[in-house]
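Student: I'd like to ask you about the structure that follows.
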Amino acid sequence: MSLLIGVGVGPGDPELLTLQGLRALREADLVVVPVRDDRDEIGYAEAIVRAHLLPVGDDSDKGKHTSRIVRAPFALTDRGGVSERRSRAWEAAAALILKAFDDGATNIAFATIGDPNIYSTFSYLAATVRETRPEVEIRTVPGITAMQALAATSNTVLCEGNEPLVLFPALGGASAIDDILDHGPLTGATIVAYKGGRHWPDMRETLAAHGRLDAAIVGSHIGRHDQAVHQGREVEGEIPYLSTVIAPSSRTTRGGKLA
Ligand SMILES: C[S@@+](CC[C@H](N)C(=O)[O-])C[C@H]1O[C@@H](n2cnc3c(N)ncnc32)[C@H](O)[C@@H]1O
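According to my numbering, the stretch in the sequence shown is residues 1 to 259, in order.
If you want it as structure tokens, here you go:
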């Protein structure tokens, strides 16, 4: 049997890895971690994995489980659809995994930040592996999302009663906020923006126009040593790619949104 398991390792703080995720990483013959482009650096997911496991050959902490950790470069900074670099990266990572199966591995984990079923490279990788070898069993272990970690860190309630919760990628700019909040049933939704770092100045203005800026929270690099969490009003200019914005629904009375 060949098993490929996408493990959500949480957004940054190694303590936000679930016990199931930790077990999946420990039991894997190989743990694959994404790195940006060809950079020879420890990415977010790898840093979390290394907080729990040691790469083979490193005996600096005998108390830790030792695992084979392999980096797979992804064109994580590309924009605008399925670029050739993106496709090539998915195919190269899939080839690396299939070769490891051919060489005797039966259980391979892919560590991904947050949850593997929310805007994760894992879904493209899994689809590429499945295309070539449909018999590979694909599973995922859920992870704590950046949205949840920011909500907890900032004491922000994401949704109550009948409030919808809309998570959207703000890559295309602030107009997505109008599209959501001008749309009848979603007017009262809490909105959460991912991937909107460079559009924050426009998002800030748009949130203000909808009366949502005062309660908005901006969190960057949540769970990392350089974490920054601020009220939206305090933040001007572009923010890093790894930033999440929460604009909670307006609430005036306790339980006021209960149906
Ligand atoms: C490719 S998506 C990954 C989402 C992830 N799978 C999840 O479940 O949260 C990348 C976006 O997630 C958000 N994100 C991920 N990690 C973050 C962190 N540590 N702090 C703030 N935002 C983060 C940012 O909005 C970033 O642009």
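Glycine residues also receive a C-beta, built at the ideal position from the N, C-alpha and C atoms.
All of these numbers come straight from a predicted model, not from anything done at the bench.
Please list the terminal residues of the continuous alpha helix (DSSP H) segment that includes SER175.
Tutor: Its alpha helix (DSSP H) spans residues 175-181.
Student: Is the beta carbon of THR112 less than 8 Å from the beta carbon of VAL7?
Tutor: Cβ distance < 8 Å, so THR112 and VAL7 count as in contact.
Student: So, does the segment 85-92 touch the segment 67-77, judging by three or more C-beta pairs under 8 Å?
Tutor: They touch, by the three-pair rule.
Student: Taking buried to mean at least 16 other C-beta atoms within 10 Å of its own C-beta, is THR244 buried or exposed?
Tutor: Buried: at least 16 other Cβ atoms inside 10 Å.
Student: Could you please give the first and the last residue of the uninterrupted alpha helix (DSSP H) stretch that includes VAL31?
Tutor: No alpha helix (DSSP H) contains VAL31, which is instead part of the beta strand (DSSP E) from 30-36.
Student: Considering only the alpha carbon of each residue, which of THR252, LYS195 and ILE217 lies closest to ALA152?
Tutor: That would be ILE217, whose Cα lies nearest to the Cα of ALA152.
Student: Is the beta carbon of ASP115 within less than 7 Å of some heavy atom of ligand 1?
Tutor: ASP115 Cβ: within cutoff of ligand 1.
Student: Excluding the 5 residues flanking HIS65 on each side, which residues of the same chain have their C-beta closer than 6 Å to its C-beta?
Tutor: Excluding residues within five positions, the ones whose Cβ falls inside 6 Å are ARG26 and LEU53.
Student: Just to confirm before moving on: does the CB-CB distance between THR140 and ASN155 stay below 8 Å?
Tutor: No, they are not a contact pair.
Student: Check this for me: beta carbons of THR190 and PRO142, under 8 Å apart or not?
Tutor: Against a cut-off of 8 Å, the Cβ pair of PRO142 and THR190 comes out as no contact.
Student: Threshold first: 4 residues or longer. Then list the alpha helix (DSSP H) segments lying entirely within the segment 36-103, N to C.
Tutor: If we require 4 residues or more, the alpha helix (DSSP H) runs fully inside the segment 36-103 come out as 44-52 and 84-102.
Student: Using three-state DSSP, classify ASP137 as helix, strand or coil.
Tutor: According to the sequence shown, residue 137 is Glu rather than Asp. Strand at GLU137.
Student: Would the C-beta of LEU98 count as close to ligand 1, meaning under 7 Å from any of its heavy atoms?
Tutor: Not under cutoff, so the answer is no.
Student: Using 8 Å as the threshold, is the C-beta distance between LEU167 and MET147 below it?
Tutor: Yes.
Student: Pull up the DSSP beta-bridge partners for TYR194, would you.
Tutor: Beta-bridge pairing links TYR194 to PRO169.
Student: From what residue to what residue does the beta strand (DSSP E) around VAL229 run?
Tutor: Taken as a continuous stretch (DSSP letters only), the beta strand (DSSP E) holding VAL229 covers 228-231.
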